[in-house]
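Just so you know, the sequence shown maps onto residues 1 to 106 in the UniProt record's numbering.
To start, the structure itself, in structure tokens.
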Amino acid sequence: MALCYPMAVGLNKGHKVTKNMGKPRHSCRRGHLTKHTKFVRDMIREVCGLAPYERRAMELLKVSKDKRALKFIKKRVGTHIHAKREREEGWEDDNQWYIHNYSNIG
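The structure is reproduced here in structure tokens:
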């Protein structure tokens, strides 16, 4: 225990020590996306395309119905946080689609 005040008794008794900081546990990286996993998921998305509910959500996002899209995705996916992640993913896909299709015009 680190010494706050030089006292011989009480909670802060003892000699000064520096805390030994170990490296983070391997279990702490759970949920962290690796390059390989991202690559594989992108490849699968490219080959398989979108699920029907994702297509409908994209249509809702295109006409700026963000809240309706979130509610729709939440109903299909199950949780609010997963739905928000899906919606953000849809925004990114939608923007890429828009840029890809309309960047050559004008």
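The C-beta atom is built at its ideal place from N, Cα and C for all residues, glycine as well.
Item: Taking 7 Å as the limit between beta carbons, can you name the residues of its chain near residue 80, skipping five residues before and five after?; Value: 74
Item: Contact between the stretch 38 to 48 and the stretch 57 to 74 is defined here as three or more beta-carbon pairs at a separation below 8 Å; is this criterion met?; Value: no
Item: Please report the distance separating the alpha-carbon of residue 50 from that of residue 90.; Value: 10 Å
Item: Classify residue 92 as buried or exposed, calling it buried when 16 or more other Cβ atoms lie within 10 Å of its own Cβ.; Value: exposed
Item: Along the alpha helix (DSSP H) that carries residue 52, what are the first and last residues, could you check?; Value: 52 to 62
Item: Would you report the Cα separation of residue 35 and residue 41, rounded to the nearest angstrom?; Value: 10 Å
Item: Taking the alpha-carbon of residue 65 as reference, which of 18, 87, 9 and 10 has the nearest alpha-carbon?; Value: 87
Item: Starting from residue 70, trace the alpha helix (DSSP H) both ways and give me its first and last residue.; Value: 66 to 77
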